[in-house]
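> Per the working numbering, the sequence shown starts with residue 3, numbered consecutively. Supplied in structure tokens, the structure appears directly below.
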Amino acid sequence: MAADKQNEAKVPSADEKKGKQSDGGLGLEILQIIKESQQQHGLRHGDYQRYRGYCSRRLRRLRKTLGFKMGNRHKFIGKKITVEMLSDSRYLLLVLIEAERAWSYAMQLKQEANTEPRKRFHLLARLRKAAKHSEKLEKLCESPRVDAKTKLEAQAYTAYLTGMVEFELQEWKGAMEAFNKCKTIYEKLASAFTEELAVLYRQRVEEISPNLRYCAYNIGDQNAINDLMQMRLTGGGGGMMAEKLESLITQARTKQAATMSEVEWRGRTVPVKSDKARIFLLGLADNEAAIAQAGNEETKEHLYETLLAECRDTIQAVREELKNEAKQRERGSEGDGGKVSNMLFLHSYLTYIKLCTVVKRNESMAHTLQAKLKETQADENKRGPRPQDLIRLYDIILQSLAELSTLQGLEEDHSFQKEVSLKILVYKAYRCFFIAQSYVVVKKWSEALVLYERVLKYAREVVSKAKSLNNTSLKDLPDVQELIAEVNAEKYSLQAAAILDTDETVEVPSQQQVKDNTPLCDRLDTFRLDPSLVGKQPNLVQFPPDFQPIPCKPLFFDLALNHVAFPPLDDKVEQKGKGGLTGYIKGIFGFGS
């Protein structure tokens with residue numbers, strides 16, 4: 003926040019450059035100003051509170067610069083901008099920033115209203131305030147002092163905010179009329195001005211297109227639902243529209259779910275009593291079609307994650323019903339004769355869908371990484387993925403397939419078990435192939451050659467077993483014939499690289515290539531090629547050095563002392579006589595001294 007204030011202080015008139023006095027009158031690049039301000043002050047990250055703070059500070063500076071203060075610190079005196087005051091485009095900018103401040107506050111409240119519903123009332127009040135300021139801006143722009151382009155931009159801005167208010171109030175017809183007016187004006191402006199401005203106008207048109215289609219659907223246009231679904235695929239309708247699109251799709255599926263009562267899988271018809279399971283199964287085909295139509299990998303990944311999240315929620319709901327069913331069975335002491343219940347079989351079916359989706363998602367990611375890996379091999383200077391990244395993806399695929407073979411209710415389904423085992427062989431072959439590729443990178447030729455032979459073994463098993471299985475579910479498997487051809491080519495390349503690598507080693511004299519850990523200071527008289535000397539850790543001296551013997555300080559022991567007889571000294575020691583009481587008294591009074 004402090005950095006924002008410093009930047010604003012350094013460039014106090016950045017927005018005024020876009021509001022200028024032209025030959026045709028006052029001009030203001032309304033859309034360009036608000037878009038640049040929003041991107042620079044928080045909206046790139048969805049921080050509406052930061053943008054609102056910026057608008058408040060901007061208003062204060064503009065009022066101070068124009069001398070248009072609302073009283074003083076003790077008393078508020080309201081002032082209105084009139085047409086007669088329009089000698090400077092900054093007066094128009096003042097009204098525009100007021101509208102932006104109210105709008106940003108409304109969007110901040112919209113984020114908070116998800117957890118605090120009562121803030122919706124305040125949200126509507128701020129949106130109405132923003133629309134009121136925009137209407138004030140439009141009336142000021144009707145003055146002959148303002149150029150035609152600014153008038154059109156003001157009308158489009160007012161129509162946009164009015165449409166937002168009607169949209170929040172669920173007045174679909176009024177919102178659609180306002181958004182259509184806004185769209186028409188911006189399309190006309192895009193066709194009349196430079197390409198730089200036209201891009202901004204077209205972006206605004208794309209922003210309001212989801213709102214228009216949503217309004218059309220709520221008015222009664224059933225064809226709009228297809229457009230909304232398509233926009234969901236392309237990532238349109240972000241932010242404000244994202245939740246509404248999801249709820250709309252859920253509502254449409256809920257209406258259809260009333261007619262769905264059962265589902266058939268692996269030759270068994272299972273009744274579907276859970277509403278959540280019905281809604282999920284109805285949307286499964288649409289989700290799979292959406293993934294197939296996705297234009298880029300990012301959108302496809304997002305759709306896969308959405309589908310997996312829905313599937314997990316549905317499995318959790320069915321699991322709760324399974325617990326209730328088990329409790330009821332315990333109370334009634336009913337036996338099912340070993341047959342898997344319908345609810346448990348439905349749970350297995352949903353788990354099957356989840357695991358198959360995980361396999362498809364990781365396979366899609368693996369294809370993308372393979373393409374990038376080939377690009378990296380073609381351009382050695384370009385850094386990209388490694389074969390180890392692909393190994394991890396195929397590990398997840400094999401883990402999911404292992405879980406598939408243990409699903410309850412399918413233990414006796416031999417055809418299903420054969421399909422799963424065949425798929426495991428296919429993905430084992432691909433995993434083994436990329437393990438071999440990782441060994442090739444580090445020039446371990448013999449290990450890589452052994453792994454290539456293992457890949458061919460897996461591939462031949464797949465070819466032999468696939469003849470006995472004619473199932474449509476195996477059509478989505480990768481083609482092992484292409485893998486066999488690629489492995490054969492890689493084997494020849496590997497053998498050639500191994501021979502060339504051996505030849506390069508032989509060209510240099512073996513005496514010079516011997517690796518020795520002797521430090522340089524101990525072999526100064528011997529010439530040897532040692533690339534480590536110019537590396538980051540040259541072997542110059544041995545550190546820490548070895549211990550060496552050194553002479554120590556001698557220790558002296560007096561051994562003769564125990565055998566020496568000292569002469570008697572009794573005659574030299576004074577004998578103290580016994581003084582008695584008289585001597586004691588003399589000693590006290592000092593007479594004896």
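Even glycine gets a Cβ: it sits at the ideal position worked out from N, Cα and C. Treat the numbers as computed from the prediction; the structure is a model and nothing was measured.
On the DSSP bridge list, what partners appear for residue 78?
Within the sequence shown, the letter at position 76 stands for residue 78. Paired residues: 73.
> In or out: residue 271 buried (at least 16 other Cβ within 10 Å) or exposed?
Looking up residue 271 in the sequence shown gives position 269. Counting Cβ neighbours within 10 Å, residue 271 comes out exposed, since fewer than 16 surround it.
> How long is the line joining the alpha carbons of residue 13 and residue 132, rounded to whole angstroms?
As a position in the sequence shown, residue 13 is number 11, starting the count at 1. As a position in the sequence shown, residue 132 is number 130, starting the count at 1. Its pLDDT being 42, under 50, residue 13 is placed unreliably in this model, and the value from its coordinates should be taken loosely. So the alpha carbons of these two residues sit roughly 26 Å apart.
> Can you tell me whether residue 570 is buried or exposed, with buried defined as 16 or more other CB within 10 angstroms of its CB?
Numbered from its first residue, the sequence shown carries residue 570 at position 568. By the neighbour-count rule (16 or more Cβ atoms within 10 Å), residue 570 is not buried but exposed.
> Let me know the secondary structure DSSP gives residue 387 once reduced to three states.
Here residue 387 refers to the residue found at position 385 when the sequence shown is read from its first residue. In the structure shown, residue 387 sits in coil (DSSP, three-state: anything other than H, G, I, E or B).
> Just to check my reading of the structure: residue 107 and residue 136 have Cβ atoms closer than 8 Å, yes? What is that Cβ distance to the nearest angstrom?
What you label residue 107 is simply residue 105 of the sequence shown in a count that begins at 1. What you label residue 136 is simply residue 134 of the sequence shown in a count that begins at 1. Contact flag wrong, Cβ pair sits at about 15 Å.
> Less than 8 Å between C-beta atoms, sequence neighbours within five positions excluded: which residues of the same chain meet that for residue 372?
Locating residue 372 in the sequence shown gives position 370, counting from the first residue. Only 392 meet the Cβ criterion.
> Just tell me which of 124, 277, 306 and 264 has its CA closest to the CA of residue 367.
For the purposes of this step, residue 367 is identified with residue 365 of the sequence shown, where counting begins at 1. Per the Cα distances, 306.
> From which residue to which residue does the beta strand (DSSP E) around residue 29 run?
Here the question's residue 29 lines up with position 27 in the sequence shown. Its beta strand (DSSP E) spans residues 27 to 30.
> Applying the criterion that 16 or more other CB atoms from any shown protein chain within 10 Å of the CB defines a buried residue, is residue 144 buried or exposed?
Residue numbering aside, residue 144 sits at position 142 when the sequence shown is read from its first letter. With fewer than 16 other Cβ atoms within 10 Å, it is exposed.
> What did DSSP end up calling residue 144 once you bin it into helix, strand or coil?
Residue numbering aside, residue 144 sits at position 142 when the sequence shown is read from its first letter. Three-state DSSP puts residue 144 in coil, outside helix and strand.
> Quick one, which of 394, 333 and 310 has its alpha-carbon nearest residue 354's?
On the sequence shown, position 352 is the one that residue 354 refers to. For residue 354, the nearest C-alpha among the options comes from 310.
> Rounded to whole angstroms, what's the CA-CA distance from residue 181 to residue 165? Just pull it up for me.
Along the sequence shown, one-based indexing puts residue 181 at 179. Along the sequence shown, one-based indexing puts residue 165 at 163. Their Cα atoms are separated by approximately 6 Å.
> If distances are taken between C-alpha atoms only, which option among 60, 105, 104 and 411 comes closest to residue 93?
As a first step, residue 93 must be located in the sequence shown, where it is residue number 91. The shortest Cα separation from residue 93 among 60, 105, 104 and 411 belongs to 60.
> Any idea which residues DSSP pairs residue 273 with across the strands?
Counting from one through the sequence shown, the residue named residue 273 turns up at place 271. Per DSSP, 264.
> Check residue 528 in the structure and name its three-state DSSP category.
Locating residue 528 in the sequence shown gives position 526, where the first residue counts as 1. In this structure, residue 528 counts as coil in the three-state DSSP scheme.
> Along the alpha helix (DSSP H) that carries residue 43, what are the first and last residues, could you check?
If you number the sequence shown from 1, residue 43 lands on position 41. Per DSSP, residue 43 belongs to no alpha helix (DSSP H) and is neither H nor E.
> Sorted by chain position, which residues of the same chain lie with C-beta nearer than 6 Å to residue 96's C-beta, five sequence neighbours on each side aside?
One-based indexing of the sequence shown puts residue 96 at position 94. Hits under 6 Å: 64.
> So, is the C-beta of residue 500 closer than 8 Å to a C-beta in chain C?
Judged by its chain identifiers, the structure shown contains no chain C, having just a single protein chain.
> For residue 101, I'd like the list of residues in its chain whose CB is within less than 6 Å of its CB, leaving aside the five on either flank, ordered along the chain.
Position 99 of the sequence shown, counting from 1, holds the residue named residue 101. The answer, listed in chain order, is 132, 135 and 136.
> Any idea what DSSP makes of residue 173, helix, strand or coil?
Mapped onto the sequence shown, residue 173 falls at position 171. Note: residue 173 maps to coil in three-state DSSP.
> Buried or exposed: where does residue 1 fall if 16 or more other Cβ atoms within 10 Å of its Cβ makes it buried?
As displayed, the chain neither begins before 3 nor continues past 595, which places residue 1 out of reach and without an answer.
> Return the first residue and the last residue of the alpha helix (DSSP H) that residue 543 is part of.
Taking the sequence shown and counting its residues from 1, the one referred to as residue 543 is at position 541. No alpha helix (DSSP H) holds residue 543; DSSP gives it neither H nor E.
> Could you check what DSSP says for residue 569 in three-state terms: helix, strand or coil?
Here residue 569 refers to the residue found at position 567 of the sequence shown. Reduced to three states, the DSSP call for residue 569 is coil.
> Could you check the C-alpha separation between residue 466 and residue 376 for me, to the nearest Å?
Walking along the sequence shown from the start, residue 466 turns up at place 464. Walking along the sequence shown from the start, residue 376 turns up at place 374. Approximately 30 Å, taken between the alpha carbons.
> If you reduce the DSSP assignment to three classes, tell me which class residue 551 lands in.
Counted from its first residue, the sequence shown places residue 551 at position 549. Looking at residue 551 - three-state DSSP - the assignment turns out to be coil, as it is neither helix nor strand.
> By the three-class DSSP mapping on this structure, what secondary structure does residue 444 have?
Numbered from 1 along the sequence shown, position 442 holds the residue referred to as residue 444. The answer is coil: DSSP assigns residue 444 none of H, G, I, E or B.
> Taking residue 350 as the reference, give the member of 320, 361 and 459 with the closest Cα.
To locate residue 350, count along the sequence shown from 1; it is residue 348. Among 320, 361 and 459, the Cα nearest to that of residue 350 belongs to 320.
> Once the 5 residues before and after residue 1 are set aside, which same chain residues still bring their CB inside 6 Å of it?
No information on residue 1 is available, as it lies outside the stretch 3 to 595 that the chain covers here.
> Grouping DSSP H, G and I as helix and E and B as strand, with all else coil, what is residue 490?
Numbered from its first residue, the sequence shown carries residue 490 at position 488. Residue 490 falls in the helix class under three-state DSSP.
> Classify residue 575 as helix, strand or coil using the three-state DSSP reduction.
Walking along the sequence shown from the start, residue 575 turns up at place 573. Residue 575 falls in the coil class under three-state DSSP.
> Consult DSSP for residue 88 and reduce its assignment to one of helix, strand or coil.
As a working note, residue 88 is residue 86 in the sequence shown. Residue 88: coil per DSSP, three-state reduction.
> Roughly how many angstroms separate the alpha carbons of residue 103 and residue 53, rounded to a whole number?
If you number the sequence shown from 1, residue 103 lands on position 101. If you number the sequence shown from 1, residue 53 lands on position 51. Going from the Cα of residue 103 to the Cα of residue 53 covers about 8 Å.
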